[in-house]
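Novice:
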Amino acid sequence: MYARLLSDGVVGASLTTQVQEAIDNLARFTVVGITEDLPRFQREVLSVFGAKIKLGIENRSPVEKSQQRQMLTPELREKIVRLCEPDLEIYRQAIDMRRIAANGD
6 MYARLLSDGV VGASLTTQVQ EAIDNLARFT VVGITEDLPR FQREVLSVFG AKIKLGIENR
66 SPVEKSQQRQ MLTPELREKI VRLCEPDLEI YRQAIDMRRI AANGD
């Protein structure tokens, strides 16, 4: 969970606190990338740090898309959404930060 990884790591902190700390810490990053636009992230890392990075796709499901849809019941989907909500909140903030940086707002 990104909330735990990006927060200040205070033991016993509430999930809400962890998410807010993660967002606050993310705002301190010089470069933030998202999987939907890895080429932009690579360009930014090169521009800011002078380092060329190579990124590959490592986490692919061995199950075909049609099988995935059959396996994903509404109950399972609801559970996944609930478990991922803190990460999605951080992700949405990362998207907003990138949009603002791109627009110079």
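Residue numbers for the sequence shown follow the working numbering, so the first one is 6 and each next one is one higher.
Ideal placement from N, C-alpha and C gives every residue a C-beta, glycine not left out.
1. Would you tell me roughly how many angstroms separate the C-alpha atoms of S71 and E26, rounded to the nearest one?
2. Would you identify the three-state DSSP class for R33, choosing helix, strand or coil?
3. Drop a sphere of 10 angstroms on the beta-carbon of A107, count the other beta-carbons inside from all chains shown, and report buried for 16 or more, exposed for fewer.
4. Could you tell me the alpha carbon to alpha carbon distance between R30 and L11, rounded to whole angstroms?
5. Please report the distance separating the alpha-carbon of L77 from that of K84.
6. Between Q98 and P91, what straight-line distance do the alpha-carbon atoms span, to the nearest angstrom?
7. How should Q23 be labelled, buried or exposed, when 16 other C-beta atoms within 10 angstroms of its C-beta is the threshold for buried?
8. Whose CA, out of Q47, A18 and V37, lies closest to the CA of L60?
9. Which word fits I58, buried or exposed, when buried means at least 16 other C-beta atoms lie within 10 angstroms of its C-beta?
Specialist: In terms of the structure at hand:
1. 38 Å
2. coil
3. exposed
4. Contrary to the premise, residue 30 reads as Asn rather than Arg in this sequence. Spanning the two alpha carbons is a distance of roughly 7 Å.
5. 10 Å
6. 11 Å
7. buried
8. Q47
9. exposed
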